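Worksheet: one structure, shown below.
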Amino acid sequence: MAHQGPERRRNAAETRQALLDAATTLFAERGFDSTTVRDIAGLARANQALVFRYFGSKEALFEEVMAGVGREQLAATPAEHLLATVLRDLLAPAADRDRSLEAFLRSGGSGGVVSAVREQLGEEYARVLRTLTSGPDAALRADLVLAWLLGIGLMRVVAPKEPLSTADSTEVSTLVLGAVSTLLERVDRSPAPRAARVPAPAAAPESERQPQET
Numbered sequence: 002m003a004h005q006g007p008e009r010r011r012n013a014a015e016t017r018q019a020l021l022d023a024a025t026t027l028f029a030e031r032g033f034d035s036t037t038v039r040d041i042a043g044l045a046r047a048n049q050a051l052v053f054r055y056f057g058s059k060e061a062l063f064e065e066v067m068a069g070v071g072r073e074q075l076a077a078t079p080a081e082h083l084l085a086t087v088l089r090d091l092l093a094p095a096a097d098r099d100r101s102l103e104a105f106l107r108s109g110g111s112g113g114v115v116s117a118v119r120e121q122l123g124e125e126y127a128r129v130l131r132t133l134t135s136g137p138d139a140a141l142r143a144d145l146v147l148a149w150l151l152g153i154g155l156m157r158v159v160a161p162k163e164p165l166s167t168a169d170s171t172e173v174s175t176l177v178l179g180a181v182s183t184l185l186e187r188v189d190r191s192p193a194p195r196a197a198r199v200p201a202p203a204a205a206p207e208s209e210r211q212p213q214e215t
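Oh and the sequence shown: position 5 is 6 in the working numbering, straight run, nothing missing.
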C-alpha cells in the first residue's frame, strides 16, 4: 500500500465546523432522537469526545444548528420579506434546500431542550410576523401563518403528498403569499428569488479520522 504521507493537522475551527455540518445532515435525515453522537462524529471523521468539548451536549449542538437557519435569517431579512424568504427555502429542490430547515421539521416530536429550542425559535418568528398587521389579534394571526408554514413543510419535505410535494415553488409562493396578505396586510406578496446554491463542503480526508487539535 502506498504511503499517504504525514497526517495533515486539522485545527479546532475546522473540526468544530465539520461536526456542525455532520450534525445538520444527520438531524435533517433522521431527526434529533434517531441521531447519536457516535453517528455525528463518524460522519465528521472526528473523535466523538470532541462533540462534548465544542458543544457540551447533543442538545446544545442541535440548538446551534437551529441558530444557523433561524436567527441568522431573522437578523438578515426585513420583516415584510421574511415569509417569502422562508417559503423560498422551504420549497427549494432537495439538492438546494437548507438542511437545517429539514432538521427543524424532522425533530418535531422531540421533547426537553429540543422542544424548548423549537418553541423559542417559533416565538422569535411569530414576534416578527406580528409586526406585519395592525389587527388587535396580531398574535393569533402570526400563529396561524406559522402553523400553515409547518404544514407546508411536512407535506413538502417530511411526508410528501401530491400535488404539493412537486408543485412549482413560484406558484405555491404566489398562492400562499396572496392568501396570507389577508391576515398580515403588510407582507410582501412577491415570491423571493431563488438563493444561490452554496457548494457542499468537501469530505475530510481519511487521514483526519482521528484529528489532532491545534
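Beta carbons: idealized from backbone N, C-alpha and C, even for Gly. Values in this document were obtained by computation on a predicted structure and should not be read as measured data.
Check, Outcome
"Should L20 go down as buried or exposed, given a rule of 16 or more other Cβ atoms within 10 Å for buried?", "buried"
"Within 10 angstroms of the Cβ of W71, are there 16 or more other Cβ atoms? Answer buried if so, exposed if not.", "A small correction: the amino acid at residue 71 is Gly; Trp does not occupy that position in the sequence shown. Answer is buried; the Cβ neighbour count reaches 16."
"Taking the CB atoms as reference points, tell me whether S108 and R119 lie closer together than 8 Å.", "yes"
"Secondary structure at K162, three-state DSSP: helix, strand or coil?", "coil"
"Give the secondary structure of V177 by DSSP, where H, G and I count as helix, E and B as strand, and everything else as coil.", "helix"
"Would you give the residue range spanned by the alpha helix (DSSP H) that T222 belongs to?", "No answer is possible for residue 222: it lies beyond the span of the chain, which begins at 2 and ends at 215."
"Inspect the beta-carbon positions of A95 and S174 and report whether they are closer than 8 Å.", "no"
"Which whole-angstrom value describes the C-beta separation of E65 and F53, a residue pair presumed to lie in contact below a C-beta threshold of 8 Å?", "Incorrect: roughly 14 Å between the Cβ atoms, too far for contact."
"Along the chain, where does the alpha helix (DSSP H) that runs through V114 open and close?", "113-130"
"Is it the case that the Cβ atoms of L178 and L145 are separated by a distance below 8 Å?", "no"
"V115 and E186 - do their beta-carbons sit closer together than 8 Å?", "no"
"Under DSSP, the alpha helix (DSSP H) around L44 begins and ends at which residues?", "38-45"
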